[in-house]
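Trainee: Sharing a structure here in structure tokens format.
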Ligand code: FES
């Protein structure tokens with residue numbers, strides 16, 4: 059954990075604030091790569107992940123952008139309401155689950171709304187590398203698009219195209235045209251709200267983009283219906299203990315109530331912090347962290363949100 063202070067805070071767009079974090083003594087922060095995020099530990103015990111959006115060669119500060127989400131589970135509201143300049147908070151070291159393939163011939167960056175944050179950092183890095191790239195930034199309106207001034211003042215401004223839902227039809231995103239005829243040495247990066255990601259990624263798939271060249275980062279899991287959730291059991295291989303998981307509780311919650319602490323962060327199947335090995339049984343994967351191929355192996359799962367298809371899962375705990 060690293061102790062930092064909020065050294066600057068700026069409104070970047072309607073409901074979006076940026077927060078600049080630095081060590082109180084001015085010492086450098088750990089280096090990070092484009093696409094990396096930090097865990098921010100909020101005063102009331104919540105932990106939230108935010109992508110770093112400053113140029114990745116900076117070490118005196120971290121910059122994050124936070125959308126005040128009306129459906130906030132508390133994190134973005136706390137950031138907007140409590141994080142004033144001077145506020146101290148603890149953060150994790152940067153972790154990168156959305157790395158750039160830096161040797162690609164060409165990169166296409168697609169950002170929707172607050173999904174611009176990791177994409178901005180990627181654009182800075184690609185420009186530094188002298189790489190060929192194009193950035194498409196979609197927002198509901200210009201008032202809701204953050205960091206536009208920075209993009210327009212950047213040395214890669216001519217590589218950026220803005221698309222506003224309320225703008226003229228000619229400037230709207232035409233994903234099918236932009237993703238047509240994928241070249242083998244071009245990589246695609248997508249970050250934004252679920253509907254935006256589903257649209258871009260399904261278009262890419264239909265146009266023949268290989269999964270390993272279509273990189274993605276989710277901010278929040280789509281709401282999941284718990285209507286048909288059933289109960290099942292998990293067994294801890296170390297002790298043989300069997301725990302019943304009722305329909306209305308997660309595996310992580312039952313484990314915690316039994317004194318077995320699993321590290322948790324997003325609690326939505328996005329970050330992979332809780333990943334646990336499965337030795338027998340078949341999980342019902344509900345995460346966005348594992349790839350389809352990894353999920354199909356059924357040898358690990360995310361107990362914060364995933365459940366079981368078989369009556370018993372044997373866990374490597
Ligand atoms: S805590 Fe993030 S995937 Fe489980």
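Residue numbers (our numbering): 59 to 375.
Note that the Cβ used here is the ideal one computed from N, Cα and C, for glycine as well.
Quick check: residue 152 and residue 205, are their CB atoms within less than 8 Å of each other?
Mentor: In this structure, residue 205 does not lie closer than 8 Å to residue 152 by Cβ.
Trainee: What separation, rounded to the nearest whole angstrom, lies between the Cα atoms of residue 244 and residue 237?
Mentor: Going by the C-alpha atoms only, they are around 10 Å apart.
Trainee: Based on the DSSP secondary-structure assignment, which residues constitute the bridge partners of residue 240?
Mentor: None; residue 240 has no bridge partner.
Trainee: Less than 7 Å between the CB of residue 155 and some heavy atom of ligand 1, yes or no?
Mentor: No, Cβ of residue 155 sits at least 7 Å from all heavy atoms of ligand 1.
Trainee: Give the residues whose C-beta lies closer than 6 Å to at least one heavy atom of ligand 1, in chain order.
Mentor: Taken from the N-terminal end onward, the list reads 322, 323, 324, 325, 327, 328, 329, 330, 331, 332, 345, 347, 360 and 362.
Trainee: How big is the Cα-Cα spacing for residue 111 and residue 325?
Mentor: Roughly 23 Å between the two C-alpha positions.
Trainee: Per DSSP, what are the beta-bridge partners of residue 361 in this structure?
Mentor: DSSP output for residue 361 lists no bridge partner at all.
Trainee: Is residue 231 buried or exposed, if buried means 16 or more other CB atoms sit within 10 Å of its CB?
Mentor: So residue 231 counts as buried.
Trainee: On the DSSP bridge assignment, give the partners of residue 156 in chain order.
Mentor: In the DSSP output, where bridge partners are listed per residue, residue 156 has none listed.
Trainee: Once you ignore the five residues that flank residue 113 on each side, which residues in its own chain have a CB closer than 8 Å to its CB?
Mentor: Within the same chain, residue 113 has close Cβ partners 179, 182, 183 and 186.
Trainee: Smallest Cα separation from residue 119: which of 285, 136 and 96?
Mentor: Among 285, 136 and 96, the Cα nearest to that of residue 119 belongs to 96.
Trainee: Compare the C-alpha of residue 220 against each of 266, 261 and 171 and name the closest.
Mentor: Minimum Cα distance to residue 220 is reached at 171.
Trainee: Quick check on the DSSP output: the beta strand (DSSP E) that includes residue 107 runs from which residue to which?
Mentor: That run of the beta strand (DSSP E) goes 105-109.
Trainee: Helix, strand or coil for residue 355? Go by DSSP, reduced to three states.
Mentor: It is helical.
Trainee: Under 6 Å Cβ to Cβ from residue 273, same chain only, skipping five residues before and after it: list those, please.
Mentor: Excluding positions up to five away in sequence, the list reads 247.
Trainee: Can you tell me where the beta strand (DSSP E) with residue 322 in it begins and where it stops?
Mentor: Residue 322 -> no beta strand (DSSP E), and no H or E assigned at all.
Trainee: Going by CA-CA distance only, name the one from 290, 155, 348 and 137 that's closest to residue 63.
Mentor: Per the Cα distances, 137.
Trainee: Which of the three DSSP states, helix, strand or coil, is assigned to residue 184?
Mentor: Helix.
Trainee: Would the stretch 326-341 count as touching the stretch 352-362 if we require 3 or more Cβ pairs under 8 Å?
Mentor: The answer is yes - the stretch 352-362 touches the stretch 326-341, with three or more Cβ pairs under 8 Å.
Trainee: Can you have a look at residue 109 and say buried or exposed, based on whether 16 or more other CB atoms are within 10 angstroms of its CB?
Mentor: Buried: at least 16 other Cβ atoms inside 10 Å.
Trainee: Buried or exposed for residue 165, please, with buried defined as at least 16 other CB atoms from any protein chain shown within 10 angstroms of its CB.
Mentor: Classification for residue 165: buried.
Trainee: With DSSP collapsed to three states, give me the class of residue 214.
Mentor: Here residue 214 sits in coil by DSSP.
Trainee: Could you say which of 126, 131 and 367 lies nearest to residue 104 if we only look at CA atoms?
Mentor: It is 131.
Trainee: What residue from 287, 126 and 146 has the CA that sits closest to residue 100's CA?
Mentor: Cα-wise, what sits closest to residue 100 is 146.
Trainee: Give the range of the beta strand (DSSP E) segment to which residue 146 is assigned.
Mentor: Where residue 146 is concerned, the enclosing beta strand (DSSP E) stretches over 146-149.
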